[in-house]
Amino acid sequence: MGVGKSSLGRGLSKKINFSHIDTDIEIEKIKNMKINDIFEFYGENYFRELEQDIIIDIINNNQNSVISLGGGSFLNIKIREKIKKSCISIWLNTNIDIIYNRITNSMNVRPLFSKTKSKSELEALLKKRNFIYKEADIKIETGNINKNTLVEETIDKLKFFRK
-8 MGVGKSSLGR
2 GLSKKINFSH
12 IDTDIEIEKI
22 KNMKINDIFE
32 FYGENYFREL
42 EQDIIIDIIN
52 NNQNSVISLG
62 GGSFLNIKIR
72 EKIKKSCISI
82 WLNTNIDIIY
92 NRITNSMNVR
102 PLFSKTKSKS
112 ELEALLKKRN
122 FIYKEADIKI
132 ETGNINKNTL
142 VEETIDKLKF
152 FRK
């Protein structure tokens, strides 16, 4: 959360002329609810099962697409294995201070952060996730680079992959 997955997805898809799918937006459309409300009314387990089904369906039915996943999606073994088999995965690694500032200044409510709130708890959450994020095909250190530079760096790294 807060690393720029959706921004990169939109920019990259325009640059390479692919469609862009943001899985959080797709989930919200299907349920006609915001992600935060799904978490609140149905719980995280329900959300994760729904997310798994929708993401696997998206991957199965959308070639030549850039897919922006929610931050917890890649933690799901079924999603991760499907991605490894069918996609090129990108991990946007960003400094904790940047992430914390983006999240706290964002109008977008993030369910897991609403529970976490502190920078140290957010850092602990990211440390738990990073060992799985490291399985991505491509790692990009984003820092404070602008969107255009991020898109160009991603395109450069994608040139080495064929699936």
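Numbering (my numbering), first residue to last: -8 to 154.
Every residue gets a Cβ at the ideal spot worked out from N, C-alpha and C, and that includes glycine.
State buried or exposed for I16, treating a residue as buried only when at least 16 other CB atoms are found within 10 Å of its CB.
As a first step, residue 16 must be located in the sequence shown, where it is residue number 25. Note on I16: under 16 other CB atoms within 10 angstroms of its CB, so exposed under the neighbour-count rule.
Just to confirm the assignment: which complete alpha helix (DSSP H) runs, minimum length 4, are found wholly within the segment 19 to 102?
Listed in chain order, the complete alpha helix (DSSP H) runs (minimum 4 residues) inside the segment 19 to 102 are 26 to 33, 35 to 52, 68 to 77 and 87 to 96.
Given a threshold of 16 other Cβ atoms within 10 Å of its Cβ, counted over all protein chains shown, does T85 qualify as buried or as exposed?
To locate residue 85, count along the sequence shown from 1; it is residue 94. With 16 or more Cβ atoms within 10 Å of its Cβ, T85 is classed as buried.
Between D13 and the rest of its own chain, which residues show a CB-CB distance below 7 Å, the 5 nearest in sequence each way excluded?
Sequence index remark: in the sequence shown, residue 13 carries index 22 (1-based). The residues are S(-3), G0 and S59.
Three Cβ pairs or more, each shorter than 8 Å: is that satisfied between the segment 20 to 30 and the segment 4 to 11?
No: fewer than three Cβ pairs fall under 8 Å.
Using the C-alpha atoms, what's the distance from I136 back to E143?
As a position in the sequence shown, residue 143 is number 152, starting the count at 1. As a position in the sequence shown, residue 136 is number 145, starting the count at 1. Those two C-alpha atoms are separated by around 11 Å.
Return the first residue and the last residue of the alpha helix (DSSP H) that E112 is part of.
Numbered from 1 along the sequence shown, position 121 holds the residue referred to as residue 112. It spans K110 to Y124 - the alpha helix (DSSP H) in which E112 sits, taken as one unbroken run.
Once DSSP output is grouped into helix, strand and coil, what is the label at D128?
Residue numbering aside, residue 128 sits at position 137 when the sequence shown is read from its first letter. Looking at D128 - three-state DSSP - the assignment turns out to be coil, as it is neither helix nor strand.
Assuming T145 contacts I49 (C-beta within less than 8 Å), just tell me the rounded distance between them.
As a working mapping, residue 145 is identified with position 154 in the sequence shown. As a working mapping, residue 49 is identified with position 58 in the sequence shown. Taking the Cβ atoms as the reference, T145 lies roughly 20 Å from I49, outside the contact range of under 8 Å.
Report yes if the CB atom of L66 is closer than 7 Å to the CB atom of I18, and no otherwise.
Position 75 of the sequence shown holds residue 66. Position 27 of the sequence shown holds residue 18. I18 is positioned such that its CB atom lies no closer than 7 Å to that of L66.
To the nearest angstrom, how far is the alpha carbon of L141 from that of T133?
Your numbering for residue 141 matches position 150 in the sequence shown. Your numbering for residue 133 matches position 142 in the sequence shown. Approximately 7 Å between the Cα atoms of the pair.
Element boundaries [beta strand (DSSP E), containing I12]:
Here the question's residue 12 lines up with position 21 in the sequence shown. Run containing I12: S10 to D13, per the beta strand (DSSP E) assignment.
Through-space distance from C78 to V57, alpha-carbon basis
One-based indexing of the sequence shown puts residue 57 at position 66. One-based indexing of the sequence shown puts residue 78 at position 87. Near 10 Å, if we compare the C-alpha coordinates of C78 and V57.
Proximity winner among K73, R71 and E112, relative to I90 (alpha-carbon distances):
On the sequence shown, position 99 is the one that residue 90 refers to. That would be E112, whose Cα lies nearest to the Cα of I90.
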